[in-house]
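Visitor: Mind looking over this structure? Questions follow.
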Amino acid sequence: MRRSRSVWLTFLSLVICLIHILPFYILLTTSFKAADDLSSKWVMPGYLFLDNFSNAWREASLATAFRSNIIVTAVSVLLIILVGSIAAYPLARYQTRWNQFIYAVFVSALIVPPLTILVPLYKFMVDIGGMNQYWGIILLFVTFNLPMTIFLYTGFISTIPRELDEAAMIDGAGRFELFYRILLPLLKPITATVIILTGVAVWNDYQFSVFFLQHPHTRTITVALASFFGQYNSNIGWVAAGSLMGALPMIVLYLFLQRYFISGLASGAIKG
Numbered sequence: 001m002r003r004s005r006s007v008w009l010t011f012l013s014l015v016i017c018l019i020h021i022l023p024f025y026i027l028l029t030t031s032f033k034a035a036d037d038l039s040s041k042w043v044m045p046g047y048l049f050l051d052n053f054s055n056a057w058r059e060a061s062l063a064t065a066f067r068s069n070i071i072v073t074a075v076s077v078l079l080i081i082l083v084g085s086i087a088a089y090p091l092a093r094y095q096t097r098w099n100q101f102i103y104a105v106f107v108s109a110l111i112v113p114p115l116t117i118l119v120p121l122y123k124f125m126v127d128i129g130g131m132n133q134y135w136g137i138i139l140l141f142v143t144f145n146l147p148m149t150i151f152l153y154t155g156f157i158s159t160i161p162r163e164l165d166e167a168a169m170i171d172g173a174g175r176f177e178l179f180y181r182i183l184l185p186l187l188k189p190i191t192a193t194v195i196i197l198t199g200v201a202v203w204n205d206y207q208f209s210v211f212f213l214q215h216p217h218t219r220t221i222t223v224a225l226a227s228f229f230g231q232y233n234s235n236i237g238w239v240a241a242g243s244l245m246g247a248l249p250m251i252v253l254y255l256f257l258q259r260y261f262i263s264g265l266a267s268g269a270i271k272g
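For the sequence shown, the UniProt record's numbering assigns the number 1 to the initial residue and increments by one for each residue that follows.
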């Protein structure tokens, strides 16, 4: 019975992995094919057509788009980590009714789809002059990613013994010194999880970027690649090549932080 169950679980795992790998495989086959190659998308070409990459880089101005992505993602993730961790500390350490209410508000914000408030949000961004400005889109990303970040940090900090705080305060450490010198180094696993989750979300964002970063000098990779789709034509090979180049930084980031990802995500959700 156990053996049969194990076989089925293994088979199910392989099917799930295959489902996730297939889109990436099709992306590879498409990005290395010439435009006049009408062979099946399931067949890897017997040649490497690298013009798709050079054309996508040039026509979509991916150098500028990469710069925008790096600026927006780096600053957004840094602010999300700093604000989220600082906000989570008192929520995890002081279980007052007021803190519990604030925590419930943050958690309930997770169920609000951002696009449902797009119209008032667009008007607000116009009023404050945040259109086509990096700081404007960064403000949006920080705001909409803080609820999940606070949820994860609060759960993880709750697993750290309070005695550690008491020992540090007996030695003369203040609250801020305690947090930055004692607790923050212990938050590496959950911080890696937050970097991956929020970094990927911000890097791959399209729903906000297409509305708030429309200028050619500020648009991100997703918006730049969307310009290859028109009413009368579409350059699938260029889009595939550009998407592949755009995905590489996040793949490298995940490979670098993967050892912390699962443990941080599990620990952050235990008491959250």
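Built from N, CA and C at the ideal position, the CB exists for glycine as well.
Bear in mind that the values here come from a model prediction, so they are computed numbers and not experimental data.
Just confirm the distance between the C-beta atoms of residue 209 and residue 223, as a whole number of angstroms; I'd bet it's less than 8 Å.
Guide: In the sequence shown, residue 209 corresponds to position 209, counting from 1. In the sequence shown, residue 223 corresponds to position 223, counting from 1. The Cβ separation is near 5 Å, so the contact holds.
Visitor: CA-CA distance, residue 5 and residue 218?
Guide: Walking along the sequence shown from the start, residue 5 turns up at place 5. Walking along the sequence shown from the start, residue 218 turns up at place 218. About 52 Å.
Visitor: Quick one: using the 10 Å Cβ neighbour count with 16 as the cut-off for buried, is residue 278 buried or exposed?
Guide: Nothing in the structure corresponds to residue 278, since the chain is present only between 1 and 272.
Visitor: Closer than 6 Å by C-beta to residue 241: which residues in its own chain qualify, once you throw out the five before and the five after it? Chain order, please.
Guide: Mapped onto the sequence shown, residue 241 falls at position 241. Closer than 6 Å at Cβ, skipping near neighbours: 31, 52, 53, 56.
Visitor: Does residue 84 pass the burial test, meaning 16 or more other C-beta atoms within 10 Å, or should it be called exposed?
Guide: Position 84 of the sequence shown, counted from the start, is the residue given in the question as residue 84. Per the 10 Å Cβ criterion, buried.
Visitor: Grouping DSSP H, G and I as helix and E and B as strand, with all else coil, what is residue 232?
Guide: As a working note, residue 232 is residue 232 in the sequence shown. Summary for residue 232: the model assigns pLDDT 49, below 50, so the residue's position carries little reliability; its value from the coordinates is reported in the next sentence. Reduced to three states, the DSSP call for residue 232 is coil.
Visitor: For residue 206, does the three-state DSSP call read helix, strand or coil?
Guide: Along the sequence shown, one-based indexing puts residue 206 at 206. The answer is coil: DSSP assigns residue 206 none of H, G, I, E or B.
Visitor: State the Cα-Cα distance for the pair residue 48 and residue 95, rounded to the nearest angstrom.
Guide: Taking the first residue of the sequence shown as 1, we reach residue 48 at position 48. Taking the first residue of the sequence shown as 1, we reach residue 95 at position 95. Each residue's alpha carbon lies about 60 Å from the other.
Visitor: Grouping DSSP H, G and I as helix and E and B as strand, with all else coil, what is residue 35?
Guide: By 1-based counting over the sequence shown, the position of residue 35 is 35. The answer is coil: DSSP assigns residue 35 none of H, G, I, E or B.
Visitor: Residue 145 and residue 212: beta carbons closer than 9 Å?
Guide: Counting from 1 along the sequence shown, the entry for residue 145 is found at position 145. Counting from 1 along the sequence shown, the entry for residue 212 is found at position 212. Not in contact: residue 145 and residue 212 (Cβ atoms no closer than 9 Å).
Visitor: Within 10 Å of its beta-carbon, does residue 199 have 16 or more other beta-carbons around it, so buried, or fewer, so exposed?
Guide: In the sequence shown, residue 199 corresponds to position 199, counting from 1. Buried, because 16 or more other Cβ atoms sit within 10 Å of the Cβ of residue 199.
Visitor: Pair every Cβ in the segment 115-124 with every Cβ in the segment 182-195, then say whether three or more of these pairs are closer than 8 Å.
Guide: Output reads no: the segment 182-195 does not touch the segment 115-124.
Visitor: Could you spell out where the alpha helix (DSSP H) holding residue 169 opens and where it closes?
Guide: As a first step, residue 169 must be located in the sequence shown, where it is residue number 169. Counting along the chain, the alpha helix (DSSP H) containing residue 169 begins and ends at 162-170.
Visitor: Can residue 244 and residue 28 be called in contact, C-beta distance under 9 Å?
Guide: Taking the sequence shown and counting its residues from 1, one reaches residue 244 at position 244. Taking the sequence shown and counting its residues from 1, one reaches residue 28 at position 28. A contact, by the Cβ cut-off of 9 Å.
Visitor: For the structure I just gave you, are there three or more beta carbon pairs, one from the segment 143-157 and one from the segment 189-197, closer than 8 Å?
Guide: Yes, the segment 143-157 is in contact with the segment 189-197.
Visitor: How many angstroms separate the CA atom of residue 172 from the CA atom of residue 129?
Guide: Translated into positions along the sequence shown, residue 172 becomes position 172. Translated into positions along the sequence shown, residue 129 becomes position 129. Cα to Cα, the separation comes out at about 46 Å.
Visitor: If you drop the 5 nearest sequence neighbours on each side, which residues of the same chain put their C-beta closer than 7 Å to that of residue 107?
Guide: Numbered from its first residue, the sequence shown carries residue 107 at position 107. Answer for residue 107: 147, 151, listed in chain order.
Visitor: Checking 9 Å against the spacing of the C-beta atoms, do residue 72 and residue 117 come in under that value?
Guide: Position 72 of the sequence shown, counted from the first residue, corresponds to residue 72. Position 117 of the sequence shown, counted from the first residue, corresponds to residue 117. Result no, Cβ atoms of residue 72 and residue 117 do not sit closer than 9 Å.
Visitor: Along the chain, which unbroken stretches of the alpha helix (DSSP H) at least 4 residues long are found entirely within the segment 76-123?
Guide: The qualifying runs are 97-108.
Visitor: Taking just the CA atoms, how far does residue 158 sit from residue 269?
Guide: In the sequence shown, counting from the first residue as 1, residue 269 sits at position 269. In the sequence shown, counting from the first residue as 1, residue 158 sits at position 158. Unreliable placement is indicated for residue 269, whose pLDDT of 45 sits below 50; the coordinate value is still reported in the next sentence. Cα to Cα, residue 269 sits roughly 10 Å from residue 158.
Visitor: Among the residues of its own chain, which have a CB less than 6 Å from the CB of residue 68, if the five just before and after it don't count?
Guide: In the sequence shown, the residue the question calls residue 68 occupies position 68. So the qualifying residues of the chain are 218, 220.
Visitor: Spatial neighbours of residue 136 within its chain, please: C-beta separation below 7 Å, excluding the five flanking residues on both sides.
Guide: Position 136 of the sequence shown, counting from 1, holds the residue named residue 136. Answer for residue 136: 125, 130, 212, listed in chain order.
Visitor: Nearest to residue 156 by alpha carbon, out of 141, 100, 140, 187?
Guide: On the sequence shown, position 156 is the one that residue 156 refers to. Of 141, 100, 140, 187, the residue nearest in Cα terms is 187.
Visitor: Between the alpha carbons of residue 232 and residue 82, how many angstroms are there, rounded?
Guide: Taking the first residue of the sequence shown as position 1, residue 232 is located at position 232. Taking the first residue of the sequence shown as position 1, residue 82 is located at position 82. At residue 232, the pLDDT of 49 sits below 50, so the modelled position is not reliable; the number obtained from the coordinates is stated separately. Computed Cα separation, rounded: 46 Å.
Visitor: Just to confirm my understanding: we take residue 75, look at its own chain, exclude 5 residues before and 5 after, and list those with CB closer than 6 Å. What are they?
Guide: Counted from its first residue, the sequence shown places residue 75 at position 75. 138.
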